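From first to last, the protein sequence lines are chains A and B. Residue 484 in the UniProt record's numbering sits at position 484 of the first sequence, and the numbers go up by one each step. Residue 163 in the UniProt record's numbering sits at position 163 of the second sequence, and the numbers go up by one each step.
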Amino acid sequence: MLNSSDAIATSLDDILDNIDCTELLHSLDGGVLLLDRQCRIVFCNRWIAQHIGLPEKDLLGRTLAQLFPGMLTPALQSAIEDACLNRMGRLLSYQLHKRLLPLKQRTAKGELGALHQSILLRPLTQSELTLVQVQDITNAVKREQHLRASERVLRLERKVLESIATGDNMEDVLAEICYTIERLIPNSNSAILLLNEDGKSLSVRSAPSLPAQFLHRQRGLSMGPGGTTCIQSIQHRALVVSPNLMEDEAWQPLIEEIKRTNISACWAQPIIAAYEEPLGVLACYPQQPAQPNETDKLLLQRMSNLAAITLERHKRIERIRFLAMHDPLTGLPNRSLLNELLGRNLRRACREGNKFALMFIDLDGFKEINDQHGHDAGDDLLSILSGRMTDQLRGTDTCARIGGDEFVVMLETVQSVQAIESVAQKILTAMSTPVQRGQMQLQVSASIGVAIYPEDGMSADALLTQADDAMYKAKSAGKNCWQSASDLGSEQ
Amino acid sequence: MDLFSPDEHDLIVELMNLGVGRAAHALSQLVNDEVLLSVPRLEFISVPEAQEAFRKDLPPFLAGVLQDFEGFISGRAALLFPEARSLELVNAMIGEELSADEITELEQETLAELGNILLNHCLATLANQLKQQVKTDIPRAFNSSVSELPCNLNLSANDPNNTLVMLVQIDFSLRHSALRGYLAFVIDLQSADSFLLALREYLAELL
Numbered sequence: 001m002l003n004s005s006d007a008i009a010t011s012l013d014d015i016l017d018n019i020d021c022t023e024l025l026h027s028l029d030g031g032v033l034l035l036d037r038q039c040r041i042v043f044c045n046r047w048i049a050q051h052i053g054l055p056e057k058d059l060l061g062r063t064l065a066q067l068f069p070g071m072l073t074p075a076l077q078s079a080i081e082d083a084c085l086n087r088m089g090r091l092l093s094y095q096l097h098k099r100l101l102p103l104k105q106r107t108a109k110g111e112l113g114a115l116h117q118s119i120l121l122r123p124l125t126q127s128e129l130t131l132v133q134v135q136d137i138t139n140a141v142k143r144e145q146h147l148r149a150s151e152r153v154l155r156l157e158r159k160v161l162e163s164i165a166t167g168d169n170m171e172d173v174l175a176e177i178c179y180t181i182e183r184l185i186p187n188s189n190s191a192i193l194l195l196n197e198d199g200k201s202l203s204v205r206s207a208p209s210l211p212a213q214f215l216h217r218q219r220g221l222s223m224g225p226g227g228t229t230c231i232q233s234i235q236h237r238a239l240v241v242s243p244n245l246m247e248d249e250a251w252q253p254l255i256e257e258i259k260r261t262n263i264s265a266c267w268a269q270p271i272i273a274a275y276e277e278p279l280g281v282l283a284c285y286p287q288q289p290a291q292p293n294e295t296d297k298l299l300l301q302r303m304s305n306l307a308a309i310t311l312e313r314h315k316r317i318e319r320i321r322f323l324a325m326h327d328p329l330t331g332l333p334n335r336s337l338l339n340e341l342l343g344r345n346l347r348r349a350c351r352e353g354n355k356f357a358l359m360f361i362d363l364d365g366f367k368e369i370n371d372q373h374g375h376d377a378g379d380d381l382l383s384i385l386s387g388r389m390t391d392q393l394r395g396t397d398t399c400a401r402i403g404g405d406e407f408v409v410m411l412e413t414v415q416s417v418q419a420i421e422s423v424a425q426k427i428l429t430a431m432s433t434p435v436q437r438g439q440m441q442l443q444v445s446a447s448i449g450v451a452i453y454p455e456d457g458m459s460a461d462a463l464l465t466q467a468d469d470a471m472y473k474a475k476s477a478g479k480n481c482w483q484s485a486s487d488l489g490s491e492q
Numbered sequence: 001m002d003l004f005s006p007d008e009h010d011l012i013v014e015l016m017n018l019g020v021g022r023a024a025h026a027l028s029q030l031v032n033d034e035v036l037l038s039v040p041r042l043e044f045i046s047v048p049e050a051q052e053a054f055r056k057d058l059p060p061f062l063a064g065v066l067q068d069f070e071g072f073i074s075g076r077a078a079l080l081f082p083e084a085r086s087l088e089l090v091n092a093m094i095g096e097e098l099s100a101d102e103i104t105e106l107e108q109e110t111l112a113e114l115g116n117i118l119l120n121h122c123l124a125t126l127a128n129q130l131k132q133q134v135k136t137d138i139p140r141a142f143n144s145s146v147s148e149l150p151c152n153l154n155l156s157a158n159d160p161n162n163t164l165v166m167l168v169q170i171d172f173s174l175r176h177s178a179l180r181g182y183l184a185f186v187i188d189l190q191s192a193d194s195f196l197l198a199l200r201e202y203l204a205e206l207l
């Protein structure tokens with residue numbers, strides 16, 4: 001008696017014996033051809049006939065080269081001959097052969113589309129025939145393209161994030177963001193425009209592949225009704241699309257510019273920081289009139305988020321740097337920054353043979369104000385007086401607060417003792433002019449010691465010491481006056 | 001294994017170089033870029049020696065392409081790469097830079113064709129030059145650990161005394177990358193006799 005597995009094997013043999021192989025081949029979801037030694041088709045399944053678009057009888061007895069005259073690549077042609085004649089098995093992959101057989105298929109939308117395929121040529125062992133298998137890999141190609149696209153976004157995103165994390169120069173990171181967009185939205189240019197400090201206009205900050213004049217021309221785009229796409233995107237806090245600039249009224253004044261730069265559309269994505277604060281605009285300028293698709297929109301959003309992170313980080317770093325170098329009460333440079341600027345000025349004066357002056361300024365009567373009216377009053381007074389002091393100076397001069405009521409002024413270059421005298425006098429007047437605080441008038445004066453490079457010292461330390469000593473001379477001379485370190489200068 | 005005399009060995013090296021040269025030419029045309037291939041080393045070894053050599057010389061994980069052949073020599077041939085670099089080769093060939101950790105089906109197929117072209121050219125050149133016949137089956141891409149390799153190569157299925165392995169180092173050099181792979185031809189010794197005969201006839205004709 002047969003055991004059960006023998007029984008199954010026997011019945012499987014029966015079934016296989018009775019299967020109609022031709023019908024089986026016809027029912028396959030893929031192309032099957034049998035070629036003889038002369039490469040002629042001796043069998044083709046239904047799939048092949050369907051995708052070639054000819055009835056089976058028109059295919060039999062003909063070679064693929066006869067069916068598609070001039071349309072087969074030499075690689076495919078020689079692979080077929082090699083398999084049929086020389087019995088060499090071959091695989092023709094999609095990636096190395098983007099064009100194999102010119103087969104078509106209907107897409108979901110009913111259009112005829114190219115069918116991506118790979119082809120296997122298998123010389124059969126039991127016969128002289130060669131089996132050709134055509135595999136439809138259109139879906140695999142689509143999946144792969146999708147995978148590649150998303151991976152490219154991820155890779156570029158990571159690159160941008162890395163350069164943010166490693167503290168790369170902000171300009172480089174912004175340029176990297178622009179390049180990323182240009183790579184993922186082909187035939188487009190990209191720019192980052194930042195909101196100026198006035199909060200009302202935009203300036204181009206990065207446009208690595210647009211001509212330099214674009215950067216200048218687009219400087220200071222003003223807010224207001226009828227503003228260009230970028231301005232509108234800031235106002236609406238949302239992506240604004242101008243699909244065709246030539247027909248866009250707001251762009252008419254820039255028509256020559258857009259012709260020259262070869263841009264045809266503008267998609268503007270605002271760059272928004274935390275608390276809904278707009279920082280600028282990420283703009284993509286396709287070279288053909290176009291609307292963004294969903295993928296493009298997502299990309300712009302992701303890149304504008306990265307730009308926001310970059311800009312916020314840059315701001316924070318600038319803020320930290322500022323705080324490390326400035327006095328928080330008055331906003332004036334602190335001792336560290338003074339030392340840095342003084343060192344720099346010394347080197348320059350030495351190189352160029354200039355003179356410059358240091359003034360050590362100490363307020364007279366400040367402690368009394370603090371004692372009588374409290375520290376708030378003292379702080380207010382310091383803020384106001386430091387503002388007045390800065391007002392007496394040129395932009396290139398420096399006023400630093402180096403202690404409670406001690407300031408140092410550095411006059412970057414001086415031509416004459418008279419010039420120093422004039423500044424000192426102005427500062428004395430500014431300091432001793434009363435400050436109104438509510439009902440009260442607060443009044444102090446200043447004692448100033450002046451040291452001049454190179455007469456009074458050649459180093460920062462020497463000059464500061466000399467100026468400090470001169471300040472004490474002024475104190476002893478009755479305050480509210482200035483004294484020079486050497487006796488060269490005239491006195492008040 | 002001293003199955004072949006030095007002259008015969010040199011001839012095989014020469015024919016293999018000719019074969020990979022033709023493969024390189026075919027690949028260069030396909031990818032529109034210069035592909036250079038060379039054979040720095042070739043040796044005939046026994047099955048146990050092959051197993052030892054695989055363990056010693058090959059990285060722990062391999063990607064490769066297998067192809068059976070039959071004719072004046074019969075057996076199974078394989079192109080082997082360090083797994084990590086096979087994708088690099090495919091990317092260099094197709095001019096993309098996908099960094100996906102896993103090779104996708106399309107890349108797998110491309111790798112299979114690459115091996116196919118190489119193995120076909122080597123075998124066809126050997127056969128043509130020696131005026132012999134050989135036919136090949138279709139290629140199959142595979143991934144394997146080095147310990148599974150003998151099984152993939154069908155090394156142990158046959159009597160080890162009747163099997164000979166031709167191990168060929170092959171250097172790929174493309175514009176932006178260079179890498180070393182191996183070709184392993186596992187040859188049925190019964191057919192090695194006809195191989196030997198063919199080599200001797202060829203050499204005799206030269207003299």
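Even glycine gets a Cβ: it sits at the ideal position worked out from N, Cα and C. Keep in mind that this is a model prediction, so the values were computed, not measured.
By DSSP, does A:Leu488 sit in helix, in strand, or in coil? Confidence at A:Leu488 is low in this model, with a pLDDT of 46, below 50, so the placement of that residue is unreliable and no value is reported for it.
Does DSSP put B:Asp171 in a helix, a strand or coil? For B:Asp171, the three-state secondary structure derived from DSSP is strand.
Alpha-carbon spacing of A:Glu421 relative to A:Val414, whole angstroms: A:Glu421 and A:Val414: Cα-Cα distance of roughly 11 Å.
B:Thr136 touches chain A at which residues, Cβ-Cβ below 7 Å? Those are Met88, Gly89, listed as they occur along chain A.
Contacts of A:Arg99 in chain B (Cβ-Cβ under 7 Å): Within chain B, no residue comes near A:Arg99; the closest Cβ sits about 12 Å away, beyond 7 Å.
Roughly how many angstroms lie between the CA atoms of A:Gln145 and B:Ile12, to the nearest whole one? C-alpha separation (whole angstroms): 43 Å.
Helix, strand or coil: which one does DSSP assign to A:Leu161? Look at A:Leu161 here: in three-state DSSP terms it is helix.
Classification of A:Arg90 by the beta-carbon crowding that lies within 10 angstroms, buried from 16 upward: Label assigned to A:Arg90: buried.
In whole angstroms, give me the CA-to-CA distance for A:Leu239 and A:Cys178. Going from the Cα of A:Leu239 to the Cα of A:Cys178 covers about 17 Å.
Top-ranked residue by Cα proximity to A:Trp267, from A:Pro278, A:Ile255, A:Glu256, A:Cys284: When each option's Cα is compared against that of A:Trp267, the closest is A:Cys284.
Mark A:Tyr275 as exposed unless 16 or more other C-beta atoms lie within 10 angstroms of its C-beta, in which case mark it buried. Residue environment analysis places A:Tyr275 among the exposed positions, since fewer than 16 neighbouring C-beta atoms fall within 10 angstroms of its C-beta.
Note down the Cα distance separating A:Gly224 from A:Arg158, rounded to an integer number of angstroms. Residue placement at A:Gly224 cannot be trusted, given a pLDDT of 49 that sits under 50; what the coordinates show is reported in the next sentence. Cα to Cα, A:Gly224 sits roughly 37 Å from A:Arg158.
Closer than 8 Å at the beta carbon, the chain A residues around B:Ala112: For B:Ala112, the C-beta contacts it makes with chain A under 8 Å involve Leu91, Ser93, in order along the chain.
Could one say the Cβ of A:Arg122 lies closer than 8 Å to chain B's Cβ atoms, at least one of them? Interface residue, yes.
Report the three-state DSSP secondary structure of B:Glu105 (helix, strand or coil). Reduced to three states, the DSSP call for B:Glu105 is helix.
Of the residues that make up the segment 188–199 of chain B, which ones have a beta carbon closer than 9 Å to any beta carbon in chain A? Listed in chain order, the positions of the segment 188–199 of chain B with a beta carbon within less than 9 Å of a beta carbon of chain A would be empty, since no residue qualifies.
Please list, in chain order, the chain A residues whose beta carbon lies closer than 9 Å to that of B:Thr104. Per Cβ cutoff of 9 Å: Ala140, Arg143, Glu144, Leu147.
A:Leu463 vs A:Leu299 beta-carbon contact at 8 Å: Not in contact: A:Leu463 and A:Leu299 (Cβ atoms no closer than 8 Å).
Using the beta-carbon count (16 or more within 10 Å), is A:Ala149 buried or exposed? By the 10 Å Cβ count, A:Ala149 comes out exposed.
What's the gap between the Cα of A:Ser11 and the Cα of A:Leu25? In a straight line, the C-alpha of A:Ser11 is about 22 Å away from that of A:Leu25.
Could you tell me whether the Cβ of A:Ala75 comes closer than 8 Å to any Cβ of chain B? True, the Cβ-Cβ gap to chain B drops below 8 Å.
Closest to A:Ala175 by C-alpha separation, out of A:Ile192, A:Thr166, A:Gly199, A:Ser188, would be which residue? For the residues A:Ile192, A:Thr166, A:Gly199, A:Ser188, the minimum Cα distance to A:Ala175 belongs to A:Ile192.
Does B:Asn154 come within less than 8 Å of chain A when only Cβ atoms are used? No, B:Asn154 lies away from the interface with chain A (no Cβ there is under 8 Å from its Cβ).
Can you confirm whether A:Leu85, when its beta carbon is compared against all beta carbons of chain B, has any partner nearer than 8 Å? At a cut-off of 8 Å, the C-beta of A:Leu85 has no neighbouring C-beta in chain B.
Going by alpha carbons, who is nearest to B:Asn120 out of B:Ser194, B:Ala63, B:Leu18, B:Phe61? Of the candidates B:Ser194, B:Ala63, B:Leu18, B:Phe61, B:Leu18 places its Cα closest to the Cα of B:Asn120.
Along the segment 137–149 of chain B, where does the CB come closer than 8 Å to a CB of chain A? Name the residues. Listed in sequence order: Asp137, Ile138, Pro139.
For A:Ser118, which residues in chain B fall below 7 Å Cβ to Cβ? Residues of chain B passing the Cβ test: Glu109.
Residue(s) in a DSSP beta bridge with B:Phe81: Bridge pairing for B:Phe81: B:Ala63 [DSSP].
Terminal residues of the alpha helix (DSSP H) in which A:Leu64 lies: Following the DSSP letters along the chain, one finds A:Leu64 inside the alpha helix (DSSP H) bounded by residues 64–67.
Length of the line joining the Cα atoms of A:Ala477 and A:Gln439: One C-alpha to the other measures close to 33 Å.
Would the beta-carbon of B:Leu66 fall within 8 Å of that of B:Val146? Contact flag unset, no.
Is the distance from the Cβ of B:Phe72 to the Cβ of B:Phe185 below 8 Å? Taking 8 Å as the Cβ cut-off, B:Phe72 and B:Phe185 do not qualify as a contacting pair.
Terminal residues of the alpha helix (DSSP H) in which A:Arg344 lies: From DSSP, the alpha helix (DSSP H) with A:Arg344 extends over 335–352.
Show which residues of chain A have a CB atom less than 8 Å away from the CB atom of B:Asn120. Chain A residues near B:Asn120: Asp82, Met88, Gly89, Arg90.
Out of A:Glu256, A:Gln232, A:Pro286, A:Gln288, point me to the one whose CA is closest to A:Ile271's CA. The candidate whose alpha carbon is nearest that of A:Ile271 is A:Gln232.
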